[in-house]
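Input: a single structure, listed below in structure tokens.
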Amino acid sequence: MTAIAFPAPDPRILARRDDIIAGLARLVPSECLVVSLDERRAFETDALTAYRKMPLAVVLPRSTEEVSAVLKFLNAEGVKVVPRGAGTSLSGGAIPQEDAVVVGVSKLNRILEIDYANRVARVQAGVTNLGVTDAIMADGFFYAPDPSSQLACTIAGNIGMNSGGAHCLKHGVTTNHVLGLKMVLIDGTVVDIGGDHLDAGGLDFLGLIVGHEGQLGVVTEASVRILRASEGARPVLFGFDHGEEAGACVADIVGHGIVPVAMEYMDRLAIEITEAFAHAGYPLDVEAMLIVEVEGSEAEIDAQLARIVEIARRHNVKTIRQSQSAMEAALIWKGRKSAFGATGRVADYICMDGTAPLGQLAYVLKRTDEIVKSHGLRVANVFHAGDGNMHPLIMYNVNDPAEQAKAEEAGNEILKVCVEVGGCLTGEHGVGIEKRDLMRVQFAQVDLDQQMRVRAVFDRQWLLNPAKVFPLDARLDAS
17 MTAIAFPAPD
27 PRILARRDDI
37 IAGLARLVPS
47 ECLVVSLDER
57 RAFETDALTA
67 YRKMPLAVVL
77 PRSTEEVSAV
87 LKFLNAEGVK
97 VVPRGAGTSL
107 SGGAIPQEDA
117 VVVGVSKLNR
127 ILEIDYANRV
137 ARVQAGVTNL
147 GVTDAIMADG
157 FFYAPDPSSQ
167 LACTIAGNIG
177 MNSGGAHCLK
187 HGVTTNHVLG
197 LKMVLIDGTV
207 VDIGGDHLDA
217 GGLDFLGLIV
227 GHEGQLGVVT
237 EASVRILRAS
247 EGARPVLFGF
257 DHGEEAGACV
267 ADIVGHGIVP
277 VAMEYMDRLA
287 IEITEAFAHA
297 GYPLDVEAML
307 IVEVEGSEAE
317 IDAQLARIVE
327 IARRHNVKTI
337 RQSQSAMEAA
347 LIWKGRKSAF
357 GATGRVADYI
367 CMDGTAPLGQ
377 LAYVLKRTDE
387 IVKSHGLRVA
397 NVFHAGDGNM
407 HPLIMYNVND
417 PAEQAKAEEA
427 GNEILKVCVE
437 VGGCLTGEHG
447 VGIEKRDLMR
457 VQFAQVDLDQ
467 QMRVRAVFDR
477 QWLLNPAKVF
487 PLDARLDAS
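So, in structure tokens, the structure goes:
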């Protein structure tokens, strides 16, 4: 297997670097422009750290107006643009190219308005995911999408990848919580889409833009739904001797019409790694564990959990442990949220995020284990079981090119299995560069052509986040 390819940089752009930087310096102050080699190094990769490219320069605008001026200038100069939030993308969505300028939103970090009566918050796109909830939780509200990187990831990145999270089983992913946004097109035009209420009139451009992976524009503001916090919530740990039993239990719970707030899956290796790091009290004598959380009044919680426990017993559950306090519940979730970081202490890894129908979870887990073992590697499975969003963490040595190639090949094979059983390539991480060359597994050429025609409407020169999402040779077929 060959490594993920990048297009060769345009030597004409590289030769004009000093002039391009001088032009940018006329648009933003020096503290918003990153040009030295050492400072640019912080932007050469994202959470797909196996791949790195040094950008031509980095701009960190402070306002929509500055973003507009920067994009208008770069468009006129024919310079590629890589939009960037916090760089937590696991699919390489924010990795730059040598002839591209990174435009980051980290300085757009203000919460502009909170309207509790209409349950909406208007925020700049560089506000962190958790920052929205932190601003409103004292008043009994929260922002529902909660990716594991929520402490760092930005609303801009969440919109770009349509991020999900553990608690999105009941409340929905990013697209279900964005009411409106302000976006700058590649020519500097500023557009307002949607509004401060559900179902704005006209075409559903929000549905198109949420998940656009930075290829349609740079989002600078968003109006997002905020929800009233429930009376209470309680997570329960279920341990099983076999992963197939845990997967079947998940399908059975949903099949009975029960929709918990969250249902998370961890296998033995993920449990052991996470417990050594977080000391969350996870059972160490099981092959698979589910974290199931329900919310409501105490009576509602008790009633829901009684039905869930009954279903789990039919699937030979070995361990049942309900949290007894808010502190214990927080510790359970601390373990789950730190699973990726804990695994990173043990080994390098790549994280897939294909999805599978719930009825196929047990089969996909079995095939995942077989595929990874066939390449002589290890895998820790931790994922959003309730919506079938798989997250196998395939561990390897990043300093061994042969092992990296094996890990990537194993990941590709797992994603193909997800598509074969009726799922898809990505649930929340996006395509980026990681799954770019697998797009033909899920889509026919006519589908790709139509997607690329839509993209070209917004960016005819293909300057925005190029070499992402679509196979490198697919653009030729769309001409």
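Heads up, the sequence shown is in the working numbering, so the first residue is 17 and it goes up one at a time. Each residue gets a CB set at the ideal place from its N, CA and C atoms; glycine is no exception. Every value quoted in this text rests on a predicted model; they were computed, and no experiment measured them.
For residue i, the nearest candidate out of the options (CA to CA)
{"i": "L43", "options": "G230, G103, R57 and T80", "result": "T80"}
{"i": "P45", "options": "I29, Q467, K123 and R33", "result": "K123"}
{"i": "V325", "options": "D150, G312, A315 and V308", "result": "V308"}
{"i": "I242", "options": "G223, L454 and G147", "result": "G147"}
{"i": "N332", "options": "A262, A319, G360 and R352", "result": "A262"}
{"i": "A31", "options": "A216, V95 and G217", "result": "V95"}
{"i": "K432", "options": "I387, Q461, V414 and F474", "result": "I387"}
{"i": "I317", "options": "A264, A358, I274 and D35", "result": "I274"}
{"i": "D26", "options": "S239, D115 and T190", "result": "D115"}
{"i": "T149", "options": "L197, A73, G351 and R244", "result": "R244"}
{"i": "D54", "options": "A41, I37, A38 and A73", "result": "A73"}
{"i": "A249", "options": "E260, G255, P276 and D257", "result": "P276"}
{"i": "Q458", "options": "L128, V310, H407 and E436", "result": "E436"}
{"i": "P163", "options": "V194, I130, F157 and C184", "result": "C184"}
{"i": "V207", "options": "C434, A238 and H193", "result": "A238"}
{"i": "G404", "options": "R456, V240 and Y281", "result": "Y281"}
{"i": "F256", "options": "V51, R135, R329 and A296", "result": "R329"}
{"i": "A292", "options": "L197, S354, D475 and L381", "result": "S354"}
{"i": "A39", "options": "S339, A92, A133 and N134", "result": "Looking at the sequence itself, residue 39 is Gly, so the reference to Ala does not match. Minimum Cα distance to G39 is reached at A92."}
{"i": "I430", "options": "A460, I348 and V395", "result": "V395"}
{"i": "E260", "options": "A133, T384, F474 and Q113", "result": "T384"}
{"i": "D34", "options": "F254, V194 and V51", "result": "V51"}
{"i": "A182", "options": "V362, Y365, W349 and R361", "result": "W349"}
{"i": "F254", "options": "Y298, E344 and N415", "result": "Y298"}
{"i": "S339", "options": "A319, A296, G218 and E288", "result": "A296"}
{"i": "F221", "options": "I327, E247, L197 and G204", "result": "L197"}
{"i": "I289", "options": "R352, E344 and F474", "result": "R352"}
{"i": "A168", "options": "S105, P112, G217 and V117", "result": "S105"}
{"i": "P112", "options": "F158, A85 and R56", "result": "R56"}
Anticipated Cβ contact below 8 Å, residue i with residue j, distance rounded
{"i": "H400", "j": "G188", "result": "Not a contact, Cβ separation roughly 12 Å."}
{"i": "L488", "j": "P23", "result": "6 Å"}
{"i": "V121", "j": "T190", "result": "Wrong, their Cβ atoms sit about 15 Å apart, outside the cutoff."}
{"i": "H391", "j": "V398", "result": "No, H391 and V398 are not in contact; Cβ-Cβ is about 20 Å, not under 8 Å."}
{"i": "L321", "j": "V252", "result": "6 Å"}
{"i": "F89", "j": "P71", "result": "In fact, because the Cβ distance is near 16 Å, the residues do not count as touching under 8 Å."}
Cβ-based neighbour list, residue i, same chain, cut-off 6 Å, excluding 5 preceding and 5 following
{"i": "A110", "result": "D62, R100 and G103"}
{"i": "V83", "result": "P77, V200, V234 and T236"}
{"i": "E129", "result": "R138"}
{"i": "R126", "result": "Q140"}
{"i": "R192", "result": "Looking at the sequence shown, residue 192 is not Arg but Asn. Taken in chain order, the list of residues that qualify is empty."}
{"i": "A172", "result": "G101, V121, A141 and V235"}
{"i": "G402", "result": "L185 and M279"}
{"i": "A378", "result": "E260, G263 and A264"}
{"i": "L87", "result": "V200, I202 and G204"}
Cβ neighbours of residue i in the same chain (closer than 8 Å, five flanking residues each side left out)
{"i": "A494", "result": "Note that A494 scores a pLDDT of 41, beneath 50, so its modelled location is shaky; the value from the coordinates is reported in the next line. Here the set comprises L464, D465, M468, R469 and A472."}
{"i": "L393", "result": "I410, M411, Y412, E419, K422, A423 and A426"}
{"i": "G438", "result": "A372, P373 and Q376"}
{"i": "K484", "result": "G108, G109, E229, G230, Q231, V447, G448, I449 and R452"}
{"i": "A286", "result": "A355, T359, A396, N397, V398 and L409"}
{"i": "G156", "result": "R244 and A245"}
{"i": "R28", "result": "none"}
{"i": "M455", "result": "L441, V447, L464, V485, F486, P487 and A490"}
{"i": "A151", "result": "I127, I130 and A137"}
{"i": "A21", "result": "L488"}
Residue i Cβ short of 6 Å to the ligand SAH heavy atom set
{"i": "D208", "result": "The model on display carries no ligand, and the ligand SAH is accordingly not part of it."}
Close beta carbons around residue i, own chain, < 7 Å, minus the five adjacent residues each side
{"i": "R476", "result": "none"}
{"i": "L195", "result": "V136, G210, G211, D212, H213, L214, S239, V240 and R241"}
{"i": "A41", "result": "L49"}
{"i": "N428", "result": "L454"}
Does the structure place the region 207 to 221 close enough to the region 140 to 148 that three or more beta carbon pairs sit under 8 Å? no
I'd like the ranges of any beta strand (DSSP E) spanning at least 3 consecutive residues and lying wholly in the region 266 to 347. 278 to 283, 304 to 311 and 335 to 338
Which whole runs of the alpha helix (DSSP H) in the region 133 to 165 are 4 residues long or more, in chain order? 145 to 152
- Query: Does the pairing of the region 434 to 444 with the region 369 to 376 give three or more beta-carbon distances under 8 Å?
  - Reply: yes
Contained beta strand (DSSP E) runs [length at least 3] in the region 47 to 131, N- to C-terminal order:
73 to 75, 96 to 100, 116 to 120 and 127 to 131
Three or more C-beta pairs closer than 8 Å, one from the region 330 to 350 and one from the region 297 to 311: is that the case here? yes
- Task: Only counting runs of 3 or more residues, tell me where the beta strand (DSSP E) segments fall wholly within the region 346 to 406, in order along the chain.
- Result: 364 to 367 and 394 to 400
Do the region 217 to 231 and the region 254 to 269 make contact, defined as three or more Cβ pairs closer than 8 Å?
-> no
Worksheet item: So does the region 446 to 454 actually touch the region 55 to 75, counting three or more Cβ pairs closer than 8 Å?
Response: yes
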